[in-house]
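Residue numbers (the UniProt record's numbering): 1 to 240. The beta carbon of each residue, even a glycine, is placed where N, CA and C say it ideally should be. Treat the numbers as computed from the prediction; the structure is a model and nothing was measured. Only one structure is covered here, and it is reproduced in the block below.
As C-alpha coordinates, then:
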(Lines of atoms letter the chains of each structure in order from A; the text may use other names.)
(Lines give C-alpha, C1' and ligand atoms only; values in the text may rest on other atoms or scores of the structure.)
Protein backbone atom coordinates (compact mmCIF):
# COMPACT_ATOMS: atom_id res chain seq x y z
CA UNK A 1 0.00 0.00 0.00
CA UNK A 2 3.03 2.26 -0.10
CA UNK A 3 4.58 4.59 2.44
CA UNK A 4 2.03 6.08 4.82
CA UNK A 5 4.37 8.51 6.55
CA UNK A 6 3.11 11.61 4.70
CA UNK A 7 -0.56 10.84 4.79
CA UNK A 8 -2.80 13.19 6.80
CA UNK A 9 -4.38 11.67 9.87
CA UNK A 10 -7.33 12.57 12.04
CA UNK A 11 -7.17 11.84 15.74
CA UNK A 12 -8.63 8.59 17.02
CA UNK A 13 -10.65 8.75 20.26
CA UNK A 14 -9.12 7.07 23.31
CA UNK A 15 -9.59 3.34 23.48
CA UNK A 16 -11.26 1.63 26.39
CA UNK A 17 -9.62 -1.54 27.76
CA UNK A 18 -10.80 -4.74 26.13
CA UNK A 19 -12.86 -7.08 28.25
CA UNK A 20 -12.80 -10.80 27.57
CA UNK A 21 -16.19 -12.40 27.54
CA UNK A 22 -16.43 -15.42 29.75
CA UNK A 23 -19.50 -17.56 30.39
CA UNK A 24 -18.89 -17.34 34.13
CA UNK A 25 -19.34 -13.55 33.96
CA UNK A 26 -22.74 -13.87 32.29
CA UNK A 27 -26.11 -14.52 33.95
CA UNK A 28 -26.67 -18.16 34.85
CA UNK A 29 -28.08 -19.99 31.82
CA UNK A 30 -31.32 -21.92 31.96
CA UNK A 31 -31.53 -25.69 32.36
CA UNK A 32 -30.79 -28.08 29.53
CA UNK A 33 -27.19 -27.34 28.54
CA UNK A 34 -25.09 -30.50 28.43
CA UNK A 35 -21.55 -29.18 28.01
CA UNK A 36 -19.41 -26.11 28.62
CA UNK A 37 -19.79 -24.87 25.04
CA UNK A 38 -23.57 -24.83 25.33
CA UNK A 39 -23.34 -23.11 28.71
CA UNK A 40 -21.00 -20.52 27.21
CA UNK A 41 -23.24 -19.81 24.23
CA UNK A 42 -26.37 -19.45 26.35
CA UNK A 43 -24.56 -17.11 28.74
CA UNK A 44 -22.83 -15.05 26.04
CA UNK A 45 -25.96 -14.53 23.90
CA UNK A 46 -28.69 -13.47 26.33
CA UNK A 47 -31.19 -12.01 23.82
CA UNK A 48 -34.36 -14.06 23.54
CA UNK A 49 -34.08 -14.57 19.78
CA UNK A 50 -30.53 -15.88 20.24
CA UNK A 51 -31.57 -18.14 23.11
CA UNK A 52 -34.44 -19.59 21.08
CA UNK A 53 -32.14 -20.21 18.10
CA UNK A 54 -29.56 -21.92 20.31
CA UNK A 55 -32.17 -24.19 21.88
CA UNK A 56 -33.35 -25.17 18.39
CA UNK A 57 -29.74 -25.89 17.44
CA UNK A 58 -29.23 -28.09 20.50
CA UNK A 59 -32.42 -30.00 19.69
CA UNK A 60 -31.40 -30.38 16.03
CA UNK A 61 -28.06 -31.88 17.06
CA UNK A 62 -29.83 -34.46 19.20
CA UNK A 63 -32.31 -35.28 16.44
CA UNK A 64 -29.54 -35.65 13.85
CA UNK A 65 -27.67 -38.01 16.17
CA UNK A 66 -30.77 -40.11 16.79
CA UNK A 67 -31.62 -40.25 13.07
CA UNK A 68 -28.06 -41.28 12.16
CA UNK A 69 -28.09 -44.15 14.65
CA UNK A 70 -31.56 -45.28 13.62
CA UNK A 71 -30.39 -45.46 10.00
CA UNK A 72 -27.65 -47.80 11.24
CA UNK A 73 -30.42 -50.15 12.40
CA UNK A 74 -30.17 -49.46 16.12
CA UNK A 75 -33.33 -49.42 18.21
CA UNK A 76 -34.63 -49.89 21.69
CA UNK A 77 -32.12 -50.21 24.52
CA UNK A 78 -29.20 -50.54 22.10
CA UNK A 79 -30.18 -47.23 20.48
CA UNK A 80 -30.54 -45.50 23.86
CA UNK A 81 -27.14 -46.76 25.05
CA UNK A 82 -25.44 -45.65 21.83
CA UNK A 83 -27.04 -42.20 22.02
CA UNK A 84 -25.72 -41.83 25.58
CA UNK A 85 -22.25 -42.94 24.47
CA UNK A 86 -22.14 -40.57 21.49
CA UNK A 87 -23.60 -37.74 23.53
CA UNK A 88 -20.83 -38.21 26.12
CA UNK A 89 -18.19 -38.12 23.36
CA UNK A 90 -19.78 -34.96 21.96
CA UNK A 91 -19.85 -33.26 25.37
CA UNK A 92 -16.25 -34.21 26.11
CA UNK A 93 -15.15 -32.80 22.75
CA UNK A 94 -16.72 -29.41 23.45
CA UNK A 95 -15.62 -29.35 27.07
CA UNK A 96 -12.07 -29.85 25.83
CA UNK A 97 -12.49 -27.06 23.29
CA UNK A 98 -13.56 -24.63 26.01
CA UNK A 99 -10.65 -25.68 28.24
CA UNK A 100 -8.13 -25.20 25.41
CA UNK A 101 -9.43 -21.64 24.94
CA UNK A 102 -9.14 -20.67 28.59
CA UNK A 103 -12.82 -21.02 29.41
CA UNK A 104 -14.14 -19.04 26.47
CA UNK A 105 -14.90 -19.25 22.75
CA UNK A 106 -14.87 -16.59 20.03
CA UNK A 107 -18.36 -15.34 19.24
CA UNK A 108 -18.47 -13.97 15.71
CA UNK A 109 -20.50 -10.82 15.20
CA UNK A 110 -21.15 -9.76 18.79
CA UNK A 111 -21.61 -6.01 19.05
CA UNK A 112 -19.44 -4.31 21.69
CA UNK A 113 -20.67 -3.93 25.24
CA UNK A 114 -19.69 -1.34 27.88
CA UNK A 115 -16.01 -1.85 28.66
CA UNK A 116 -15.14 -3.39 25.30
CA UNK A 117 -12.42 -1.87 23.14
CA UNK A 118 -13.70 0.20 20.20
CA UNK A 119 -12.32 2.58 17.56
CA UNK A 120 -14.38 5.23 15.78
CA UNK A 121 -13.87 6.85 12.38
CA UNK A 122 -15.39 10.29 11.96
CA UNK A 123 -17.76 11.09 9.10
CA UNK A 124 -17.66 14.93 9.01
CA UNK A 125 -21.02 16.53 8.33
CA UNK A 126 -22.94 13.39 9.29
CA UNK A 127 -24.99 12.48 12.34
CA UNK A 128 -23.24 9.11 12.33
CA UNK A 129 -19.76 7.68 12.78
CA UNK A 130 -18.18 4.35 11.89
CA UNK A 131 -17.33 2.02 14.76
CA UNK A 132 -14.75 -0.77 14.60
CA UNK A 133 -14.81 -3.45 17.29
CA UNK A 134 -13.45 -6.92 17.92
CA UNK A 135 -16.60 -8.85 17.14
CA UNK A 136 -14.72 -12.10 17.68
CA UNK A 137 -12.98 -11.57 14.32
CA UNK A 138 -9.46 -10.56 15.28
CA UNK A 139 -8.04 -14.08 14.96
CA UNK A 140 -8.94 -13.93 11.26
CA UNK A 141 -7.54 -10.38 10.89
CA UNK A 142 -10.90 -8.66 10.61
CA UNK A 143 -13.00 -6.12 12.50
CA UNK A 144 -16.72 -5.87 13.02
CA UNK A 145 -17.94 -2.57 11.54
CA UNK A 146 -21.19 -0.78 12.20
CA UNK A 147 -22.56 2.76 12.28
CA UNK A 148 -23.31 4.60 15.52
CA UNK A 149 -25.06 7.82 16.44
CA UNK A 150 -22.56 10.65 16.85
CA UNK A 151 -23.97 11.77 20.21
CA UNK A 152 -25.23 8.64 21.95
CA UNK A 153 -22.86 6.15 20.24
CA UNK A 154 -25.86 3.81 19.96
CA UNK A 155 -25.76 1.50 16.93
CA UNK A 156 -27.98 2.59 14.04
CA UNK A 157 -28.98 1.39 10.60
CA UNK A 158 -28.07 4.12 8.12
CA UNK A 159 -29.98 5.01 4.93
CA UNK A 160 -29.07 3.42 1.60
CA UNK A 161 -27.31 6.66 0.67
CA UNK A 162 -24.52 5.56 3.03
CA UNK A 163 -22.15 3.06 1.45
CA UNK A 164 -18.78 1.51 2.22
CA UNK A 165 -16.61 0.30 -0.65
CA UNK A 166 -13.49 -1.78 -0.64
CA UNK A 167 -10.89 -0.13 -2.90
CA UNK A 168 -8.86 -2.03 -5.46
CA UNK A 169 -5.34 -1.17 -4.31
CA UNK A 170 -5.04 1.62 -1.77
CA UNK A 171 -5.88 5.26 -1.04
CA UNK A 172 -7.34 7.06 -4.04
CA UNK A 173 -7.75 3.89 -6.12
CA UNK A 174 -10.97 2.80 -7.80
CA UNK A 175 -13.84 1.12 -6.03
CA UNK A 176 -13.76 -2.68 -6.00
CA UNK A 177 -17.15 -3.55 -4.53
CA UNK A 178 -19.75 -2.27 -2.08
CA UNK A 179 -19.96 -4.00 1.28
CA UNK A 180 -23.15 -5.74 2.34
CA UNK A 181 -24.28 -6.30 5.87
CA UNK A 182 -24.08 -9.88 7.08
CA UNK A 183 -27.85 -9.88 7.30
CA UNK A 184 -28.29 -8.77 3.67
CA UNK A 185 -25.79 -11.34 2.46
CA UNK A 186 -27.65 -14.16 4.20
CA UNK A 187 -31.20 -13.03 3.38
CA UNK A 188 -31.80 -9.84 1.33
CA UNK A 189 -35.46 -9.82 2.40
CA UNK A 190 -34.85 -10.36 6.10
CA UNK A 191 -36.26 -7.87 8.58
CA UNK A 192 -33.64 -6.88 11.16
CA UNK A 193 -33.98 -4.83 14.32
CA UNK A 194 -32.72 -1.25 14.36
CA UNK A 195 -28.99 -1.12 15.00
CA UNK A 196 -28.41 -4.83 14.37
CA UNK A 197 -26.81 -4.44 10.93
CA UNK A 198 -23.12 -5.37 10.85
CA UNK A 199 -20.27 -5.54 8.35
CA UNK A 200 -16.80 -7.04 8.51
CA UNK A 201 -13.62 -5.39 7.19
CA UNK A 202 -10.04 -6.64 6.88
CA UNK A 203 -7.00 -5.25 8.64
CA UNK A 204 -4.75 -3.14 6.44
CA UNK A 205 -7.20 -2.83 3.53
CA UNK A 206 -8.37 0.57 2.27
CA UNK A 207 -12.10 1.35 2.36
CA UNK A 208 -14.12 4.38 1.30
CA UNK A 209 -17.23 5.64 3.08
CA UNK A 210 -19.59 7.63 0.86
CA UNK A 211 -22.58 9.46 2.27
CA UNK A 212 -24.82 12.46 1.39
CA UNK A 213 -22.16 15.20 1.48
CA UNK A 214 -19.75 16.57 -1.15
CA UNK A 215 -16.80 14.50 0.06
CA UNK A 216 -15.96 10.97 1.17
CA UNK A 217 -13.70 9.44 3.80
CA UNK A 218 -11.14 6.72 3.18
CA UNK A 219 -9.75 4.66 6.03
CA UNK A 220 -7.65 1.59 6.78
CA UNK A 221 -8.66 -0.68 9.67
CA UNK A 222 -5.53 -0.86 11.82
CA UNK A 223 -3.24 -3.86 11.85
CA UNK A 224 -2.63 -5.23 15.34
CA UNK A 225 -2.02 -2.33 17.72
CA UNK A 226 -1.76 0.43 15.09
CA UNK A 227 -4.12 3.36 15.39
CA UNK A 228 -7.02 3.82 12.99
CA UNK A 229 -6.50 6.39 10.28
CA UNK A 230 -8.66 8.64 8.16
CA UNK A 231 -6.54 8.80 5.03
CA UNK A 232 -8.24 11.69 3.25
CA UNK A 233 -8.85 14.93 5.09
CA UNK A 234 -12.16 16.59 4.31
CA UNK A 235 -10.54 19.63 2.71
CA UNK A 236 -8.47 17.48 0.37
CA UNK A 237 -11.09 14.90 -0.50
CA UNK A 238 -11.99 14.38 -4.13
CA UNK A 239 -15.18 16.27 -4.95
CA UNK A 240 -18.03 14.26 -6.40
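Task: Own chain residues within Cβ distance below 6 Å of residue 174, not counting five before or after - done: Your numbering for residue 174 matches position 174 in the chain shown. Result list for residue 174: 168, in chain order.
Task: When 150, 205, 147, 145 are compared against residue 171, the one with the closest alpha-carbon - done: Translated into the one-based positions of the chain shown, residue 171 becomes position 171. Ranking the options by Cα distance to residue 171, first place goes to 205.
Open item on the list: Here's the rule: buried if 16 or more other CB atoms are within 10 angstroms of the residue's CB, otherwise exposed. What is residue 146?
Closed with: Numbered from 1 along the chain shown, position 146 holds the residue referred to as residue 146. With 16 or more Cβ atoms within 10 Å of its Cβ, residue 146 is classed as buried.
TODO: Check each candidate in 222, 101, 136, 194 and name the one with the smallest Cα separation from residue 159.
DONE: Against the chain shown, residue 159 aligns to sequence position 159. Residue 159 has its Cα closest to that of 194, out of 222, 101, 136, 194.
TODO: Please state if the CB of residue 198 and the CB of residue 109 are separated by a distance shorter than 7 Å.
DONE: Here residue 109 corresponds to residue number 109 of the chain shown, with the count starting at 1. Here residue 198 corresponds to residue number 198 of the chain shown, with the count starting at 1. Result yes, Cβ atoms of residue 109 and residue 198 sit closer than 7 Å.
Task: Range covered by the alpha helix (DSSP H) that runs through residue 61 - done: Position 61 of the chain shown, counted from the start, is the residue given in the question as residue 61. Counting along the chain, the alpha helix (DSSP H) containing residue 61 begins and ends at 48–71.
TODO: Alpha carbon to alpha carbon, how far is residue 53 from residue 223? Give it in angstroms, no decimals.
DONE: Sequence index remark: in the chain shown, residue 223 carries index 223 (1-based). Sequence index remark: in the chain shown, residue 53 carries index 53 (1-based). Between residue 223 and residue 53, the C-alpha separation is close to 34 Å.
Open item on the list: I'd like the span of the beta strand (DSSP E) that includes residue 132, first residue to last.
Closed with: Along the chain shown, read from residue 1 onward, the residue named residue 132 stands at position 132. 128–133 is the span of the beta strand (DSSP E), which, as asked, contains residue 132.
- [ ] Provide the residue span of the beta strand (DSSP E) that contains residue 178, from first to last.
- [x] Position 178 of the chain shown, counting from 1, holds the residue named residue 178. Segment 175–178, the beta strand (DSSP E) holding residue 178.
Open item on the list: Applying the 10 Å Cβ sphere with the 16-neighbour rule, what's the burial state of residue 220?
Closed with: As a working mapping, residue 220 is identified with position 220 in the chain shown. The residue in question, residue 220, is buried, as its Cβ has 16 or more Cβ neighbours within 10 Å.
Task: Pick from 203, 178, 113 that is closest to residue 140, judged by C-alpha positions - done: For the purposes of this step, residue 140 is taken as the residue at position 140 of the chain shown. Selected option, being the one with the closest Cα: 203.
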